[in-house]
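Residue numbers (full-length UniProt numbering): 1 to 79. From the three backbone atoms N, C-alpha and C, an ideal C-beta is built for every residue, glycine too. Notes follow the structure.
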Amino acid sequence: MRNAVDVEGDGDCGFRTISFLISGTEGNHAVIRKAVCDLILKRTSTWINLITGGCEEPTSNGTLLVPYSSTSEYLSFVN
C-alpha cells in the first residue's frame, strides 16, 4: 500500500488517523476526540441511536450497558 502510515494502536488509533489526515501528525488526536465528543453532546438525540444501535439504556453514571467497550468509552468520555 502506497503512503500507508502506521499510527500508534493505543485505543485512540481512529482519532490518531483522523488527526494525521487533517494535520499531518497524529499528535492532535486528543483535540479531534474532544471535538467529536463535543459534537455528540451538542446533538445527542441525533447521534445516540447511531452510536448505541438504539438498543442500550444509560446507567445512572452516564455510561451505557453495551456489548462493545468503545461505545461506553466514548459516552463516558463525553460526560
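Residue i vs residue j beta-carbon contact at 7 Å
i  : j   : result
V5 : F15 : no
Neighbour-count burial assignment, residue i, 16 or more Cβ in a 10 Å radius
i   : result
I22 : exposed
E8  : exposed
Rounded straight-line distance, which links the Cα of residue j to that of residue i
i   : j   : result
G11 : N49 : 22 Å
E26 : C37 : 18 Å
R2  : G24 : 16 Å
C13 : W47 : 21 Å
R43 : N28 : 23 Å
Distance between beta carbons of residue j and residue i, contact taken as under 8 Å
i   : j   : result
I18 : I40 : Between I40 and I18 the Cβ distance is about 15 Å, and since that is not below 8 Å, they are no contact.
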